[in-house]
Amino acid sequence: MKAVVITEPGAPKVLQVQERAIPAPEAGQLLVRVHAAGINRPDVAQRKGNYPPPVGAPIDIPGLEIAGTVEACGEGVERWKAGDAVCALLPGGGYAEYAVVDARHCLPVPQGWSFEEAASLPETVFTVWHNVFQRGALQPGETFLVHGGSSGIGITAIQLAKAWGATVYATAGTEEKCRACEELGANRCLNYKTQDFAEELKADGVDVVLDMIGGEYIPKNLSLLKPDGRLVFINAMQGAQGQFDVRQVMQKRLIITGSTLRPRSADFKAALAAEVGQHVWPNLGNGKFKPVLYTTFDLADAAQAHALMESSGHIGKIVLKVSRD
Ligand SMILES: NC(=O)c1ccc[n+]([C@@H]2O[C@H](COP(=O)([O-])OP(=O)(O)OC[C@H]3O[C@@H](n4cnc5c(N)ncnc54)[C@H](OP(=O)(O)O)[C@@H]3O)[C@@H](O)[C@H]2O)c1
0 MKAVVITEPG
10 APKVLQVQER
20 AIPAPEAGQL
30 LVRVHAAGIN
40 RPDVAQRKGN
50 YPPPVGAPID
60 IPGLEIAGTV
70 EACGEGVERW
80 KAGDAVCALL
90 PGGGYAEYAV
100 VDARHCLPVP
110 QGWSFEEAAS
120 LPETVFTVWH
130 NVFQRGALQP
140 GETFLVHGGS
150 SGIGITAIQL
160 AKAWGATVYA
170 TAGTEEKCRA
180 CEELGANRCL
190 NYKTQDFAEE
200 LKADGVDVVL
210 DMIGGEYIPK
220 NLSLLKPDGR
230 LVFINAMQGA
240 QGQFDVRQVM
250 QKRLIITGST
260 LRPRSADFKA
270 ALAAEVGQHV
280 WPNLGNGKFK
290 PVLYTTFDLA
300 DAAQAHALME
310 SSGHIGKIVL
320 KVSRD
């Protein structure tokens, strides 16, 4: 099979197509013929050598989410059969014509969605569900702020929080991105290049912040949080160090938390998939959540896809199409 391999740590051009053996599904796994694979920022970090795959994941093939058809089932798999259309979360190996996945980490391709649209879901939906709704415990009627509103994570967080009945604020780096976030349901999106989000939102305050920026956003996020507010980190693209006033945390009884999805156990991801299937999947066909596919590239053009992601020129998701010939 053809697979996109990280030949050495470095720039997008280190991503090259190589021939690899088709993997065999072990007990509890599915072999999936991949039709589309989503691109995520953690893939870029892996390509640069900054985010090694967890034990057991393919060492040099990136790709955390796929959609395709089940080719074969390992021993003990009852829920799926050959020919089923699934999308799946995986710890690596998605940029390839075939991938093996834990059968419990699969969900059906939503009715009426293309494989490319379905491949844009697992990594962001699982991450947002866990961090915003499980860790952040966002409640209907509360106020939510997501930074990077036009990112794959951002467009997912905006739509799920809105569908959950929250007031939603976002930040993004251009007016066009801000309008896109508002069209997706954000009550207000602030252009962080021309506006200070902490000043703009301080009169309202927020209950939950989902932050991927860190750095100087840390004290600003904490200043905005209402009593009993929650700050959830999923990355720190501007810097992992930040200063804040501990008294704010005590006086407002704030919770600071965060997580990384990829290294979590297979059992944890299985439980998360079950919750996502119960709470999110029913909303995928009713207009409350739509795919935001910015563009697709052929598998062989994965380097171009990474270059686009690093330019931050996209709004929503970038997906690789894998040939079905
Ligand atoms: N912890 C986890 O389990 C987990 C899982 C998946 C992803 N993540 C993280 O979540 C983030 C988003 O991932 P993705 O795949 O959706 O990536 P992505 O689409 O490339 O998004 C990155 C976004 O960051 C925005 N950004 C950069 N600097 C900003 C700033 N100062 N203020 C506000 N926005 C800013 C960029 O938009 P502008 O052009 O507007 O700057 C861009 O939209 C990444 O940091 C990724 O590592 C974490």
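The letter at position 1 of the sequence shown is residue 0 when you use numbering that gives the first Met the number 0, and the numbering goes up by one with no holes. In this text, a Cβ means the ideal position worked out from N, Cα and C, and glycines have one as well.
Span of the alpha helix (DSSP H), counted from its first residue to its last, around residue i
i, result
"residue 156", "151-162"
"residue 276", "265-278"
"residue 76", "Element bounds for residue 76: n/a, residue is neither H nor E."
"residue 117", "114-118"
Distance between beta carbons of residue j and residue i, contact taken as under 8 Å
i, j, result
"residue 36", "residue 118", "6 Å"
"residue 122", "residue 64", "4 Å"
"residue 252", "residue 226", "6 Å"
"residue 106", "residue 70", "Their Cβ separation, rounded to whole angstroms, is 17 Å, which puts residue 106 and residue 70 out of contact at 8 Å."
"residue 258", "residue 130", "6 Å"
"residue 183", "residue 163", "Incorrect: roughly 14 Å between the Cβ atoms, too far for contact."
"residue 103", "residue 272", "6 Å"
"residue 24", "residue 99", "5 Å"
"residue 249", "residue 211", "The Cβ separation is near 26 Å, so there is no contact."
"residue 204", "residue 224", "7 Å"
"residue 154", "residue 315", "5 Å"
"residue 46", "residue 305", "6 Å"
Residue i (DSSP reduced to helix, strand or coil)
i, result
"residue 251", "helix"
"residue 309", "helix"
"residue 32", "strand"
"residue 215", "coil"
"residue 226", "strand"
"residue 327", "A question about residue 327 goes unanswered here, because the residues of the chain that appear run from 0 up to 324."
"residue 1", "strand"
"residue 17", "strand"
"residue 200", "helix"
"residue 43", "helix"
"residue 53", "coil"
"residue 108", "coil"
"residue 126", "helix"
"residue 26", "coil"
"residue 243", "coil"
"residue 195", "coil"
"residue 7", "coil"
"residue 304", "helix"
"residue 299", "helix"
Proximity test, residue i beta-carbon vs ligand 3 heavy atom, cut-off 7 Å
i, result
"residue 146", "No copy of ligand 3 appears in this structure; the ligands present are ligand 1."
Beta strand (DSSP E) segment containing residue i, residue limits
i, result
"residue 170", "166-171"
"residue 146", "It is not in any beta strand (DSSP E) - residue 146 carries neither H nor E in the DSSP assignment."
"residue 190", "187-190"
"residue 319", "316-320"
"residue 181", "Residue 181 -> not in any beta strand (DSSP E); alpha helix (DSSP H) instead, spanning 174-182."
"residue 87", "84-88"
"residue 235", "Here residue 235 belongs to no beta strand (DSSP E), and DSSP marks it neither H nor E."
"residue 98", "97-101"
"residue 209", "205-210"
heavy atom of ligand 1 below 7 Å from residue i C-beta
i, result
"residue 0", "no"
"residue 141", "no"
"residue 176", "yes"
"residue 122", "yes"
"residue 270", "no"
"residue 236", "yes"
"residue 260", "yes"
"residue 149", "yes"
"residue 8", "no"
"residue 40", "yes"
"residue 311", "yes"
"residue 170", "yes"
"residue 126", "yes"
"residue 94", "no"
"residue 211", "yes"
"residue 249", "no"
"residue 254", "no"
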